[in-house]
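Q: Before we start, here is the structure in question, set down as structure tokens.
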Amino acid sequence: MTLEYTGRLDDDTVFDTSRQSVAEETGLAEAQPDREYAPLTVEIGDEQIIEGMEEGLIGLEAGETETLTIPPEKAHGEPSDDQIQEFETEELKEMLGGQTPEEGAYLEAQNGGQGEVVHVDEEVVRVDFNPRLAGETLTFDIEIIDIN
């Protein structure tokens, strides 16, 4: 199925959308200049999208609009302390070509996951690899364009 969507957090912040106009209004287009905004095509059962969205799409017809509210356990889960990794500052500095990471910076792990640097001192650096939207309830406004 092909759909247009806009995803919001509880405070109404738009964190993702397929619509160019919404991306421009909310500043997403500016934040992600290389991104193309276009309808999303998904196959139900393919696990390309979060569980709660997949469940909410079942049975929808072309032309229908729907608002799905998805709790963390059906989205990106709850944040977990297991996802916070500790590195020796000197070791990480060497891996980064001599630069000391700063709090708030993002690092990419070997598996492609992104982590936010949450603590830096002379001994250790802590990097939080929890998904950015872990613990968040997500609301999606969806419009079904086509069912294939």
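Our numbering puts the first residue of the sequence shown at 64, with every later residue one more than the last. Backbone N, C-alpha and C fix where the C-beta goes; we use that ideal spot for every residue, glycine too. A quick note: this is a predicted structure, and the numbers were derived from the prediction, not measured.
1. Taking the alpha-carbon of I207 as reference, which of G178, G161, A101, L72 has the nearest alpha-carbon?
2. Do F150 and V188 have their beta-carbon atoms positioned less than 8 Å apart in this structure?
3. Span of the alpha helix (DSSP H) holding G119?
4. Going along the chain, which residues of its own chain have a beta-carbon closer than 7 Å to the beta-carbon of V105, five neighbours each way excluded?
5. Taking the C-alpha atoms as reference points, what is the distance between E136 and G175?
6. Given A86, which residues of its chain have a CB within under 6 Å of its CB, disregarding the five upstream and five downstream residues?
7. Spatial neighbours of P164 within its chain, please: CB distance less than 7 Å, with the 5 preceding and 5 following residues excluded, ordered by chain position.
8. My understanding is that T200 touches P134, with C-beta atoms under 8 Å, so please give their C-beta distance in whole angstroms.
9. Whose C-beta lies closer than 7 Å to the C-beta of E127 among residues of the same chain, with five residues either side of it excluded?
10. Candidates V190, Q83, E157, Q148: which alpha carbon is nearest A168's?
A: On the basis of the supplied data:
1. Locating residue 207 in the sequence shown gives position 144, where the first residue counts as 1. Among G178, G161, A101, L72, the Cα nearest to that of I207 is on A101.
2. Position 125 of the sequence shown holds residue 188. Position 87 of the sequence shown holds residue 150. In contact: V188 and F150 (Cβ atoms closer than 8 Å).
3. Walking along the sequence shown from the start, residue 119 turns up at place 56. Looking at the DSSP string, the run of the alpha helix (DSSP H) that includes G119 is 114-120.
4. Position 42 of the sequence shown, counted from the first residue, corresponds to residue 105. Cβ within range, chain order: M64, Q111, I112.
5. Numbered from 1 along the sequence shown, position 73 holds the residue referred to as residue 136. Numbered from 1 along the sequence shown, position 112 holds the residue referred to as residue 175. Approximately 23 Å, taken between the alpha carbons.
6. By one-based count along the sequence shown, residue 86 stands at place 23. Within the same chain, A86 has close Cβ partners T80, A92, Y100.
7. Translated into the one-based positions of the sequence shown, residue 164 becomes position 101. Cβ within range, chain order: L155, L170, V180, V183, V188.
8. Locating residue 200 in the sequence shown gives position 137, where the first residue counts as 1. Locating residue 134 in the sequence shown gives position 71, where the first residue counts as 1. Yes, T200 and P134 are in contact; Cβ-Cβ is about 5 Å, under 8 Å.
9. Taking the sequence shown and counting its residues from 1, one reaches residue 127 at position 64. Excluding sequence neighbours, E127 sits near I207.
10. In the sequence shown, counting from the first residue as 1, residue 168 sits at position 105. It is V190 whose Cα lies nearest to the Cα of A168.
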